[in-house]
Structures are given as C-alpha cells and as structure tokens.
DNA sequence: TTGATAATGATAATTATTATCAATAAGGAA
DNA sequence: TTCCTTATTGATAATAATTATCATTATCAA
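Set out below in structure tokens:
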C-alpha cells in the first residue's frame, strides 16, 4: 500500500480503538503498522517475524491478541489462501472481491459484483438455501508477472 | 453422500492409485472410505477421530500421508472454511461451487456458473490479470436449518 | 509363494496457538 | 504534570497440530 493509504488506515484504526475503549498501545501500533503497510496478506507468524528488527518487538502473544481484536472490530478479515489460511488483510468497504497474483502475491481489489449477486439469487431460488455470506477469490498472474 | 456415490468414488480412487503405482493399503482405504462417506468436509483430525472406533485404526501419520497423496493425485481438494481451513472434500467434475450450511455443515454442490465466467472475463479485461483459478463458496442456512 | 521395497506405526521433534499471571504502561482524574 | 486504576503486556507453560525418523510390516509383481 502507498504511504498515504497506510497512514489513513492507521488513523482510522486508532480512532476505532479509542471509540471502543481499547487502549492504543505500543505493541498494537506495531502490529497495525505492519499490516497496514503490507501489500500482501500476512499470517500471525509473518507479522511477528517482521516485527523482530524493531527495538522492542511485541511478544508473540500480543500479535495474536491484536489480530483477534482487529478482527472482532471488523477492521481486518481472514483471507483464505489456496494451501493455507489465517492470513489477514484490512477490511474493505462494502463487499468486494480479491484477485491475488500467484507469483508475486500482490493483491488487488475488484469493484462491482452484479454478476455475483445474480448468481447468488439464482442459487437461493434453486436450492432453497438462505445465503448469508459468500466468499470469492480469483487467482492469476498480474500483468507484471505474466512476462 | 449416498452409498452408491461413495462406492463409485472409492472404486475410481482405487483405480487411480493402481494406475499411478501407489499401493492400495488398509490405512489408505480406511481414510478414503471416511472421506467418501462423509457429507461434510473433514479435517485430518476429524478423519483420525472417526477412524478410532475401527478395529485397527490407521496411525495419525498415515492419515496425513494419505491426504497428501490424494491431493497430489487431484482426488481431493482443500475446502476453505470461514475461520479455519485444511478440510478436504472429494474433487468435483468440472468446476463447481459449494454451498455450505453454517448450522449443520452440510455441503451442497452448485451446477452452472455462466454468471461467474462472465464476471471473470470482465475482471480480466479491467485488470489485465490472467485469471487461472477461482474460488467461490457460499455460506448460509439450508431449508432444514432455517426453521 | 516369495522377495523387494513401499508404506506403516510409534514416537520424537517441530511448529502454531492459547492460557496463565506477575509486572507494566495507557490514559482519565486531580 | 503526576497519580491511580486497571487494561494490557511479556515470558513462559500448556496445548494442539503437523512433520520427521526409522525399524517393522504388508503389498503386489514375478
């Protein structure tokens, strides 16, 4: 993410913590900064290892606790990777879908999903299920990596 | 799955093992039977625990080894559950999508995906990505559980 | 039926996650 | 600013999940 987007996210998150009476602590800030600055989804271990070159890195337990808190607040969401999940990425506005480059890992957000909504309505009609949630990810090669 | 479908799957899988020079062993059979007979995705631990009421259950290591083999052969695939993955389900014909009941865990296969194909083509046009794979799951309540 | 060897079980090692609890630091009140 | 309450932390133990090791066993082609 760009430095601008990173900082915007961070201030949004800090405000959210204050509003919900969560303290904005050093370890939490460190974790949030790493997530907000990354351009790929990260696992708890990823985040922990990235933090280790800092003066006073957060304990591994705080990494897990911070991720749980951020997810509870709806600020991050799990991203399911083929072959392993428990990676996190900032929550997006509305419902958007993700396109992940299988080579460089870069993640891109897709806008607009009329087709998907139609599809879901059809599925509900046919099956009698009440679809409450869905989950679509596209994998492929970005223009840079397809060369 | 119905007993008929289960047996069809099992004989297909056994044939595949023979053709690829994998031995059809007792532990492998036990794991394959459990997967083929289940109507929900199962984790390695699920499978192991289900096997424990048998006379001579497979070792936990063999469960993992069998799952790896079946996945390598393309006979099963990972299913990503919200809040945890590493569940397995038999590979389906063509590309189909899954609808999972969040209450009873029952899994249903959705046929037809014209809308999704259209969506993907549009995404490719817009982004310049080359989409090689996609991954859609629907979650909701089946008619039985929505009462 | 036999023999080569792929595959197994038991278990140790590794890795990931969660729980515990005394010490610390955030942030509102004075 | 300083103090005080207490939410939060770090260190570490405990638990859970997965992988590696290796002597023994069982599959299956000859």
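Residue numbers (my numbering), protein chains in the order written: chain R, 26 to 172; chain D, 26 to 172.
We put the beta carbon where it would ideally sit given N, CA and C, even for glycine.
Please confirm if residue 90 of chain D has its CB atom under 9 Å from at least one CB of chain R. Reading the second chain from its first residue, position 65 is the one you call residue 90 of chain D. Taking Cβ atoms only, chain R never reaches closer than 9 Å to residue 90 of chain D, which makes this a no.
Shorter than 9 Å from the beta carbon of residue 99 of chain D to some beta carbon of chain R? Translated into positions along the second chain, residue 99 of chain D becomes position 74. Answer no: the Cβ-Cβ gap between residue 99 of chain D and chain R never drops below 9 Å.
List the whole-angstrom C-beta distance separating residue 162 of chain R from residue 122 of chain R, where the pair is believed to meet the contact cut-off of C-beta under 8 Å. Along the first chain, one-based indexing puts residue 162 of chain R at 137. Along the first chain, one-based indexing puts residue 122 of chain R at 97. With a Cβ gap of about 7 Å, residue 162 of chain R and residue 122 of chain R count as contacting.
Give me the residue from R:87, R:158, R:146 and R:124 with the minimum Cα distance to residue 57 of chain R. Here residue 57 of chain R corresponds to residue number 32 of the first chain, with the count starting at 1. Taking only the C-alpha atoms, the option nearest residue 57 of chain R is R:87.
Interface residues of chain D facing residue 140 of chain R [CB-CB closer than 8 Å]: Counting from one through the first chain, the residue named residue 140 of chain R turns up at place 115. Under the 8 Å cutoff, chain D gives 140, 141, 143, 144 and 147.
For a cutoff of 9 Å on Cβ pairs, would you count residue 72 of chain R as touching chain D? Stepping through the first chain from its first residue, residue 72 of chain R is reached at position 47. No, because no Cβ of chain D sits closer than 9 Å to the Cβ of residue 72 of chain R.
According to DSSP, residue 35 of chain D sits in a beta bridge with which residue or residues? Taking the first residue of the second chain as position 1, residue 35 of chain D is located at position 10. BP columns for residue 35 of chain D are empty, so no partner.
What first and last residue would you give for the alpha helix (DSSP H) that runs through residue 91 of chain D? Along the second chain, read from residue 1 onward, the residue named residue 91 of chain D stands at position 66. Start and end: 85 to 97.
Residues that DSSP places opposite residue 166 of chain R in a beta bridge: If you number the first chain from 1, residue 166 of chain R lands on position 141. Per DSSP, D:155.
Beta-carbon contacts of residue 35 of chain D that lie in its chain and below 7 Å, excluding the five residues immediately before and after: As a first step, residue 35 of chain D must be located in the second chain, where it is residue number 10. The residues 57, 58 and 61, in chain order, have a CB closer than 7 Å to that of residue 35 of chain D in the same chain once the five nearest residues on each side in sequence are set aside.
Residue 42 of chain R, buried or exposed, once every other Cβ within 10 Å from all chains shown has been counted against 16: For the purposes of this step, residue 42 of chain R is taken as the residue at position 17 of the first chain. By the neighbour-count rule (16 or more Cβ atoms within 10 Å), residue 42 of chain R is buried.
Does the Cβ of residue 51 of chain R have 16 or more other Cβ atoms within 10 Å, making it buried, or fewer, making it exposed? The residue labelled residue 51 of chain R in the question sits at position 26 within the first chain. Per the 10 Å Cβ criterion, exposed.
Are residue 47 of chain R and residue 94 of chain R touching if we call contact CB-CB under 9 Å? Here residue 47 of chain R is taken as the residue at index 22 of the first chain, counted from 1. Here residue 94 of chain R is taken as the residue at index 69 of the first chain, counted from 1. Yes, the pair counts as a contact, with Cβ atoms nearer than the cut-off.
For chain R, is any of its Cβ atoms less than 9 Å away from the one on residue 48 of chain D? Looking up residue 48 of chain D in the second chain gives position 23. Taking a beta-carbon distance threshold of 9 Å, residue 48 of chain D does not count as an interface residue toward chain R.
Using the Cα positions of residue 53 of chain R and residue 85 of chain R, report the straight-line distance between them to the nearest angstrom. Stepping through the first chain from its first residue, residue 53 of chain R is reached at position 28. Stepping through the first chain from its first residue, residue 85 of chain R is reached at position 60. Taken atom to atom, the span from the alpha-carbon of residue 53 of chain R to that of residue 85 of chain R is near 12 Å.
Taking CB distances under 9 Å as the criterion, tell me whether residue 158 of chain R reaches chain D. The sequence position of residue 158 of chain R within the first chain is 133, counting from 1. Chain D has a Cβ within less than 9 Å of the Cβ of residue 158 of chain R.
For residue 45 of chain R, collect the residues of the same chain with a Cβ closer than 8 Å to its Cβ; drop the 5 residues on either side in sequence, then sort them by chain order. For the purposes of this step, residue 45 of chain R is taken as residue 20 along the first chain, with counting starting at 1. If the five residues before and after residue 45 of chain R are omitted, its C-beta is found closer than 8 Å to the C-beta atoms of 98, all from its own chain and listed in chain order.
Assuming contact is defined by CB atoms lying nearer than 9 Å, are residue 133 of chain R and residue 152 of chain D in contact in what I supplied? Numbered from its first residue, the first chain carries residue 133 of chain R at position 108. Numbered from its first residue, the second chain carries residue 152 of chain D at position 127. At the C-beta level, residue 133 of chain R and residue 152 of chain D come within 9 Å of one another.
Using 8 Å for Cβ pairs, my map puts residue 100 of chain D next to residue 160 of chain D. What's the rounded Cβ distance? The sequence position of residue 100 of chain D within the second chain is 75, counting from 1. The sequence position of residue 160 of chain D within the second chain is 135, counting from 1. With 8 Å as the limit, residue 100 of chain D and residue 160 of chain D do not qualify as a contact, their Cβ atoms being about 18 Å apart.
Would residue 84 of chain R count as contacting chain D if we go by Cβ distances under 9 Å? Taking the first residue of the first chain as 1, we reach residue 84 of chain R at position 59. No, residue 84 of chain R lies away from the interface with chain D (no Cβ there is under 9 Å from its Cβ).
Out of curiosity, what's the CA-to-CA distance linking residue 141 of chain D and residue 142 of chain R? To locate residue 141 of chain D, count along the second chain from 1; it is residue 116. To locate residue 142 of chain R, count along the first chain from 1; it is residue 117. Their backbone Cα atoms lie some 10 Å apart in a straight line.
For residue 29 of chain D, the three-state DSSP class (helix, strand or coil): Position 4 of the second chain holds residue 29 of chain D. DSSP places residue 29 of chain D in helix when its eight states are reduced to three.
Distance, Cα to Cα, residue 30 of chain R vs residue 89 of chain D? Here residue 30 of chain R refers to the residue found at position 5 of the first chain. Here residue 89 of chain D refers to the residue found at position 64 of the second chain. Roughly 42 Å between the two C-alpha positions.
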